[in-house]
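Mapping of the sequence shown onto full-length UniProt numbering: residues 1 to 116, in sequence order. From the three backbone atoms N, C-alpha and C, an ideal C-beta is built for every residue, glycine too. Note sheet for the following structure.
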Amino acid sequence: MEGEELMFTMMTVIRKKPEISTEDFRHFMEFDYGPTYVKLPETREYIQHYLSDVMTDGAELPIDAIVQISFDSKEEMMKALQADSYKNAAKMREKYMRETSVGIHSAVVEKTLKLV
1 MEGEELMFTM MTVIRKKPEI STEDFRHFME FDYGPTYVKL PETREYIQHY
51 LSDVMTDGAE LPIDAIVQIS FDSKEEMMKA LQADSYKNAA KMREKYMRET
101 SVGIHSAVVE KTLKLV
């Protein structure tokens, strides 16, 4: 759209460790983990979505959060991911989030279609 600024956006699906309470997980995300990204000068937008399953067949573990983070470009994202503060955040999350793509699965937004 005209006048709309294009950004490089990554979405990350997050599942907490089962022994971590929802309250503790959300507190960590809001007050410890999230601010790490907000402080990175390359970050243009950072949004945390907290989820609660409405319908489930039990085939997969519940998703606890989806994080949306945007940068001006892929290069700016790569620069941010090399920062010491990001590396420290990655270590901090080990206590709260499941490991591998079961707990942290990131994907780049290729196209967004807003229908309403």
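> For the candidate residues THR36, MET55, VAL67, whose alpha-carbon lies nearest to that of GLN82?
Replying inline: Looking up residue 82 in the sequence shown gives position 82. The option with the nearest alpha carbon to GLN82 is THR36.
> Which two residues bound the contiguous alpha helix (DSSP H) that contains MET77?
Replying inline: To locate residue 77, count along the sequence shown from 1; it is residue 77. Taken as a continuous stretch (DSSP letters only), the alpha helix (DSSP H) holding MET77 covers 74-81.
> Taking the alpha helix (DSSP H) that MET10 falls in, what are its first and last residues?
Replying inline: For the purposes of this step, residue 10 is taken as the residue at position 10 of the sequence shown. From DSSP, MET10 is part of no alpha helix (DSSP H) but of the beta strand (DSSP E) over 8-14.
> Helix or strand or just coil, what does DSSP make of ALA59?
Replying inline: By one-based count along the sequence shown, residue 59 stands at place 59. In the displayed model, ALA59 falls within coil according to three-state DSSP, outside both helix and strand.
>> How far does the alpha helix (DSSP H) with GLU94 in it extend, from its first residue to its last?
In response: On the sequence shown, residue 94 is found 94 positions in, with the first residue counted as 1. That residue, GLU94, is in no alpha helix (DSSP H); it is neither H nor E in DSSP.
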